[in-house]
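This report concerns only the one structure given below.
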Amino acid sequence: MSSRRLAIRQPESFALSAAAKKEITSWTKKYPKGRERSAMIPALWITQKDAGGWLPEAALRAVGDMLGMAYIRVYEVATFYTMFNLEPVGVHHIQLCGTTPCWLRGANDLKAVCEEKIGPKGSISADGKLSWLEVECLGACANAPMVQVSNGESDHYYEDLTAETMAQLLDDLASGRPVKPGPANRRHTSEPEGGALTLNSKGLYSGYKAKALPNVAAGSKSPAKPKAPAKPKAAPKAAPKAKTKAPAKPKAAPKAAKPKVLYTDGPTDGAPDDLKKIKGIGPKFEGDLNSKGVYYFRQVAAWKKADVTMVEGVIDSFPGRIERDEWIAQASVLAKSAGKKVKA
Ligand code: FES
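In this note's numbering, each number is its position in the sequence shown, counted from 1, plus 12.
Next up, the structure:
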């Protein structure tokens, strides 16, 4: 991959919109506390859209501030992935796949069209409508050669292109005419040209479900809604006995009594222990345990079977994990070494 650098000309400032901040925050909440930086890729993607299709340095810093990360870490990611534009782009930004399958199927012809209609790789057309870049495989090799076109509203693939259809696509985009994503050669998704060659025996679709989906099988444009089954004229005198018994409703899980080892008002016996010292407990489980009133090794060491069952239920752990990782034995040792008496 060629070196990717930040743009030489940068805006003086950048501020994320309230909507972008909200969206980024919703992504950070998908990760455990302290791991918010895991949302960096979506955060950069949202920020790029918010900044008009590219990432000025100030925008990268805004992402770093939101995620509590060193700016250099954000730069590392943004300069690695070609999905992040480090220079301004046109209204429609074209990423042209030049990897082997697309190259074998004519990517160089598409490149020539881009060069002719837009300019050299990485440039923006004179009217600002189009820009283009060559990228690595975009995962649509079955429909090679292909491009992805991104604008403020969508990111679509245009596939099975030729020099002619590519030229038409660029003309349509530049003039604001509607364009249709997907294969340009009338293939249906990635089926062979001319239609499917396998799984097309009519016998496969007879019988079960054939009556329920008559329009789909016949290939009509818009399948009619299946008719609601006609009501029986008269209710049968006696309902036929079911051959098999309906499965019994699962019994509601018994409400576990709150074990004595849990506190309700936070750590009341000095500074809480670092529960992460117990192998198998990370920051997430420690937070869960704290939220349920477990702060000390001696509490864990005092758990009985019922406590373990209850705790596994409330901390959303894997069943058997506490026993398998020997939390209680570990806690007992840690409690003793911490000089605390283990409650019976
Ligand atoms: S090689 Fe072009 S999409 Fe995979």
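Here a beta-carbon is modelled for each residue, glycine too, at the ideal position from N, C-alpha and C.
It should be emphasised that the depicted structure is a prediction, and the values quoted were computed from it without experimental measurement.
Would you tell me roughly how many angstroms separate the C-alpha atoms of residue i and residue j, rounded to the nearest one?
i: I290; j: V147; result: 46 Å
i: C114; j: K288; result: 50 Å
i: K45; j: Q311; result: 23 Å
i: V101; j: D121; result: 22 Å
i: I36; j: S162; result: 20 Å
i: R117; j: L79; result: 42 Å
i: V125; j: A71; result: 33 Å
i: A196; j: E324; result: 54 Å
i: H200; j: S187; result: 27 Å
i: G282; j: G76; result: 36 Å
i: S50; j: K41; result: 10 Å
i: I421; j: V320; result: Any property of residue 421 remains undetermined from this structure, which presents the chain solely from 13 to 356.
i: A154; j: T174; result: 15 Å
i: K423; j: S135; result: The requested residue 423 does not occur in the structure, where the chain is confined to residues 13 to 356.
i: L145; j: H105; result: 8 Å
i: A251; j: E335; result: Below a pLDDT of 50, predicted positions are generally treated as unreliable, and A251, at 48, falls in that range; no measurement from the model is reported.
i: S38; j: P54; result: 10 Å
i: A74; j: R17; result: 18 Å
i: A90; j: M81; result: 13 Å
i: A190; j: G292; result: Checking the sequence shown, residue 190 turns out to be Pro, not Ala. Taking the straight line from one Cα to the other gives about 55 Å.
i: Q28; j: E88; result: In the sequence on display, residue 28 carries Leu and not Gln. Straight-line Cα distance between these residues: approximately 20 Å.
Run the CB neighbour count on residue i, radius 10 Å, all protein chains shown included, and call it buried at 16 or more, exposed below.
i: D172; result: buried
i: S25; result: exposed
i: F92; result: exposed
i: P295; result: exposed
i: D183; result: exposed
i: Q22; result: exposed
i: L346; result: buried
i: T280; result: exposed
i: E48; result: buried
i: G207; result: exposed
i: E127; result: exposed
i: S143; result: buried
i: I58; result: buried
i: L67; result: buried
Is residue i near the ligand FES - that is, is its Cβ less than 6 Å away from at least one heavy atom of it?
i: T363; result: Outside the displayed span of the chain (13 to 356) sits residue 363, for which this structure offers no information.
i: A32; result: no
i: L18; result: no
i: C126; result: no
i: A152; result: yes
i: A156; result: yes
Would you say residue i faces chain D, with C-beta separation under 7 Å as the test?
i: E324; result: Reference to chain D is not applicable here, since this structure consists of a single protein chain.
**Request:** Tell me the start and end of each unbroken alpha helix (DSSP H) in the region 95-180 that is at least 4 residues and wholly inside, in chain order.
**Result:** 112-116 and 119-129
**Sequence ranges, alpha helix (DSSP H) only - wholly within the region 15-82, length at least 4** = 30-40, 52-62 and 69-79
**Asked** Where in the region 286-322 do unbroken runs of the alpha helix (DSSP H), each at least 4 residues long, occur, reported from the N-terminal end onward?
**Response** 295-303 and 309-313
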